[in-house]
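In the numbering used here, the protein residues as written are 3 to 159.
Where a beta carbon is used, it is the ideal one built from N, C-alpha and C, also for glycine.
Structural data, given as structure tokens:
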């Protein structure tokens, strides 16, 4: 269940890196489109975000870490899609990615918002990438903007 934000979102002075896994590109492209539209709708400028293509969801943490340490972004959005197979490989990958992205955020002190779908079927992924269940790319962007705003209000960043 998703909840709508009650805080006015303002991304007018925020710089965001959007990492997009190219694996399951039909899904991840929809997630990226959602994230970009949410950023622009909140007042963000086209020049203040970069979309960076990533081979797969597994590679998201390493690129997020390098970007966090060598750039001046205010936040990172990590978008990917993992579909359950015949083994528990998806669970291992999902847990490792989530742990890696959280570690980067905690070390960096800025949000690394996880928009990595972990679904049992491609139909479930489509529903969460602009279908009946909304768009998790939008939700990931909203979470990042809200976190950046809160950190700034608390004079943490």
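Using three-state DSSP, classify residue i as helix, strand or coil.
i: residue 107; result: helix
i: residue 49; result: helix
i: residue 156; result: coil
i: residue 13; result: coil
i: residue 19; result: strand
i: residue 4; result: Unreliable positioning characterises residue 4 in this predicted model, as indicated by a pLDDT of 49, which lies under 50. The coordinate reading is nonetheless provided below. In this structure, residue 4 counts as coil in the three-state DSSP scheme.
Taking Cβ positions, are residue i and residue j nearer each other than 7 Å?
i: residue 147; j: residue 44; result: yes
i: residue 106; j: residue 142; result: no
i: residue 82; j: residue 100; result: no
i: residue 55; j: residue 24; result: yes
Comparing C-alpha positions only, which one of the options sits nearest to residue i?
i: residue 145; options: 23, 21, 15, 40; result: 40
i: residue 137; options: 118, 152, 65, 12; result: 118
i: residue 97; options: 134, 67, 63; result: 63
i: residue 30; options: 53, 13, 11; result: 53
i: residue 57; options: 26, 128, 110, 152; result: 26
i: residue 108; options: 124, 153, 47; result: 153
i: residue 1; options: 51, 61, 55; result: The structure shown has nothing for residue 1, since the chain only spans 3 to 159.
i: residue 47; options: 90, 13, 157, 110; result: 13
i: residue 161; options: 156, 61, 68; result: Nothing can be reported for residue 161, as the shown portion of the chain is limited to 3 through 159.
i: residue 28; options: 88, 125, 155, 156; result: 125
Please list, in chain order, all residues of the same chain as residue i whose beta carbon is under 7 Å from its beta carbon, the five residues on each side excluded.
i: residue 76; result: 16, 17, 18, 112, 150
i: residue 66; result: 21, 78, 80, 103, 106, 114
Less than 8 Å between C-beta atoms, sequence neighbours within five positions excluded: which residues of the same chain meet that for residue i?
i: residue 140; result: 36, 37, 39, 40
i: residue 34; result: 20, 22, 53, 81, 139
i: residue 129; result: 135
Output needed for residue i: all residues of its chain with C-beta closer than 6 Å, excluding positions within five of it in sequence on either side, in chain order.
i: residue 84; result: 59, 92, 95, 96, 120
i: residue 86; result: 92, 122
i: residue 42; result: none
i: residue 32; result: 131, 132
Contiguous beta strand (DSSP E) assignments of at least 3 residues, all confined to the region 59-96: 77-85
Would you list, in sequence order, the uninterrupted alpha helix (DSSP H) runs of no fewer than 4 residues that lie entirely inside the region 108-149? 124-130
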